[in-house]
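Number of protein chains: 2
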Amino acid sequence: MADLETSRSNTKDILRDHARRLFAERGYEGVSMRDIAGSVGVQQSAIYNHFASKQHLLVDLMVDHMEDLIRSMRAAVDFRATPREQLESFVRFHVNYQLDNPDALFIAYMELRSLEPEGRETVVVLRDEYELALRGILDAGDAAGEFEVTNPAVVARCILAMMTGVTVWYKETGPLGREAVVDVFAETILRSVGCSSATAEC
Amino acid sequence: MADLETSRSNTKDILRDHARRLFAERGYEGVSMRDIAGSVGVQQSAIYNHFASKQHLLVDLMVDHMEDLIRSMRAAVDFRATPREQLESFVRFHVNYQLDNPDALFIAYMELRSLEPEGRETVVVLRDEYELALRGILDAGDAAGEFEVTNPAVVARCILAMMTGVTVWYKETGPLGREAVVDVFAETILRSVGCSSATAEC
DNA sequence: GTGTCCGATGAACACTCGTTCACGGGGGCG
DNA sequence: CGCCCCCGTGAACGAGTGTTCATCGGACAC
């Protein structure tokens, strides 16, 4: 229980951190308010001083995450570069972000079903915005003749699914270094759009 | 509720069908025995005439599914063919199977966390067996010089994650036909291992 | 016809769920 | 000092959880 209170962490942030980890581990329905409170080391009723309900807590986590994800992605990808460079930046950013924030991304993609309509709407809009950025890169590469993608919409989703699944099996302590994993993803995905880094074509 | 009893469907099978759908929709923790019973149209206590507990019901669903998946995969892939042909068969089989049985596969990959240790062990062994079949194809193709895969273990998981995600977004009623989706997957994945169907290389 | 057994019932068990509320302590501001 | 207002407590609420059990109808074997 209980973090040593590093720097300026108030109860609300600590609650967020523990809730995020627990939701990712056992799922929204599998975690009780008592679990969250117990993990932090407070009473269950204390949570309601910071979040109106369990549902609001989930929405708060998901929206905060999606907004940060989109902001970070925009900072990491230079949209004036060539499609090939954009795609590689996007992939390297996403896999790294995923490995830094495995729980947040996992929740955002898995717990949509646990959201009540109004919250779901908000999150879906943000998720579509992110997906559309990748799709835009594929479209541009296709139009420029750099990529060969039969169907950008489908391929975009394939690529996201592939990358989002990484946290299910990757262990930081495993035989494979993080940089190596990122490289494999970058190469595999560039290849999948007909644009290998080893090829002279690009 | 209640199916009209098509052909020879007994209560146990009907329970399985409804439980599978509900688990996939709302998650194991999000579904109560009363939900399942209510969906079928019987009392909750009737379930215990067929399954010892909710946990046993989940294990039953997952093991049955994994065994059928492996059996069907072995029947669909000709392991005497070339690695390229094997991979294409595997991908086409998996995507089709996924679209035929979206709930079962989704549960098998998502609800591992809801399994108690003994059941999880059984399912993980089966899942590894399936994954290993794909990895074997990649290894063979790599050794034969047909594929270029930096790391077969990682790429195998990437491919599975990509394919397993299809049910999240694919709608049978959407603009894209099922055959078209399968084609996109086959082409994208063959490309990702450096072996495009359009290329003379293979 | 009689006996057996499978399977469904509905009430009940002890427990956990999300949420509410009256209460109190302690720090900041007038 | 006196006031208020965060923010925490602990007990309680009604509802829902998985599971058990005595009971009973009806199909099948002899």
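Sequences listed follow chains A and B, in order.
Just so you know, we're using the numbering used here here: the first sequence kicks off at -18 and counts up by one.
Just so you know, we're using the numbering used here here: the second sequence kicks off at -18 and counts up by one.
In this text, a Cβ means the ideal position worked out from N, Cα and C, and glycines have one as well.
Note that this is a predicted model, so its numbers are computed, not measured.
Between which two residues does the alpha helix (DSSP H) carrying residue i extend?
{"i": "V147 of chain A", "result": "V147 to W150"}
{"i": "D109 of chain A", "result": "P98 to A124"}
{"i": "P156 of chain B", "result": "Neither: P156 of chain B is in no alpha helix (DSSP H) and is coded neither H nor E."}
{"i": "T(-8) of chain B", "result": "T(-8) to R7"}
{"i": "V40 of chain B", "result": "K35 to A57"}
{"i": "E66 of chain A", "result": "P64 to D81"}
{"i": "S26 of chain B", "result": "Q25 to I28"}
{"i": "S20 of chain A", "result": "M14 to V21"}
Smallest Cα separation from residue i: which of the options?
{"i": "A114 of chain B", "options": "B:E102, B:Q67 and B:G158", "result": "B:Q67"}
{"i": "A121 of chain A", "options": "A:E168, A:A137 and A:R108", "result": "A:A137"}
{"i": "R15 of chain B", "options": "B:A5, B:K35 and B:E6", "result": "B:K35"}
{"i": "I187 of chain A", "options": "A:T145, A:L3, A:G8 and A:V130", "result": "Not covered by the structure: residue 187 of chain A. The range shown for chain A is -18 to 183."}
{"i": "W150 of chain A", "options": "B:V12, B:P83 and B:L93", "result": "B:L93"}
{"i": "R172 of chain A", "options": "A:Y78, A:Q25, A:V130 and A:R116", "result": "A:V130"}
{"i": "R108 of chain B", "options": "B:V23, B:V58 and B:A142", "result": "B:A142"}
{"i": "E10 of chain A", "options": "A:R159, A:L96, A:E69 and A:P133", "result": "A:L96"}
{"i": "I28 of chain A", "options": "A:I170, A:A0, A:F60 and A:L80", "result": "A:A0"}
{"i": "D84 of chain A", "options": "A:E160, A:E110, A:R7 and A:F32", "result": "A:R7"}
{"i": "A56 of chain B", "options": "B:S26, B:K(-7), B:S70 and B:E110", "result": "B:S70"}
{"i": "Y78 of chain B", "options": "B:T(-8), B:T145, B:G155 and B:R61", "result": "B:T145"}
{"i": "F60 of chain B", "options": "B:G117, B:E102 and B:N(-9)", "result": "B:G117"}
{"i": "Y111 of chain A", "options": "A:Q25, A:P156, A:A134 and A:G22", "result": "A:A134"}
{"i": "A5 of chain A", "options": "B:M91, B:Q25 and B:A125", "result": "B:M91"}
{"i": "V23 of chain A", "options": "A:H37, A:N(-9), A:R52 and A:C176", "result": "A:N(-9)"}
{"i": "V106 of chain A", "options": "A:G158, A:D81, A:V44 and A:A167", "result": "A:V44"}
{"i": "G158 of chain B", "options": "A:R159, A:C176 and A:N132", "result": "A:N132"}
{"i": "D81 of chain B", "options": "B:A167, B:E160 and B:C176", "result": "B:E160"}
Please compile the residues from chain A whose C-beta is within a distance smaller than 9 Å of the C-beta of residue i.
{"i": "V76 of chain B", "result": "The contacting residues do not exist; V76 of chain B stays about 11 Å from chain A at best."}
{"i": "A142 of chain B", "result": "A142, M143, M144, T145, G146, V147, V149 and W150"}
{"i": "G11 of chain B", "result": "G8, Y9, E10, G11, R94 and S95"}
Pop quiz: residue i and residue j are said to be a contact at Cβ under 8 Å. What is the actual Cβ separation, rounded to whole angstroms?
{"i": "M54 of chain A", "j": "A89 of chain A", "result": "Rounded, the Cβ-Cβ distance is 13 Å, inconsistent with contact."}
{"i": "V162 of chain A", "j": "V72 of chain A", "result": "Contact flag wrong, Cβ pair sits at about 11 Å."}
{"i": "T148 of chain B", "j": "F87 of chain B", "result": "6 Å"}
{"i": "V40 of chain B", "j": "G100 of chain B", "result": "4 Å"}
{"i": "L42 of chain B", "j": "R(-3) of chain B", "result": "6 Å"}
{"i": "T63 of chain B", "j": "E127 of chain B", "result": "7 Å"}
{"i": "V174 of chain B", "j": "L119 of chain B", "result": "7 Å"}
{"i": "C139 of chain B", "j": "T103 of chain A", "result": "With 8 Å as the limit, C139 of chain B and T103 of chain A do not qualify as a contact, their Cβ atoms being about 30 Å apart."}
{"i": "I(-5) of chain B", "j": "V21 of chain B", "result": "5 Å"}
{"i": "H31 of chain B", "j": "K(-7) of chain B", "result": "4 Å"}
{"i": "D52 of chain A", "j": "C176 of chain A", "result": "It is Arg, not Asp, that sits at residue 52 of chain A in the sequence shown. 27 Å between Cβ atoms; not a contact."}
Note down, in chain order, every chain B residue with its Cβ under 8 Å from the Cβ of residue i.
{"i": "S173 of chain A", "result": "T169, I170, R172 and S173"}
{"i": "N132 of chain A", "result": "L157, A161 and V165"}
So which residues of chain B does residue i contact, with C-beta pairs closer than 7 Å?
{"i": "V21 of chain A", "result": "Here the premise fails: no neighbours, minimum Cβ distance about 21 Å."}
Report the neighbours of residue i on chain A: residues whose CB is nearer than 8 Å to its CB, in chain order.
{"i": "V136 of chain B", "result": "V165 and T169"}
Does at least one heavy atom of the ligand FAD sit under 7 Å from the Cβ of residue i?
{"i": "V135 of chain A", "result": "Within the structure as shown, the ligand FAD is missing, as the structure has no ligands at all."}
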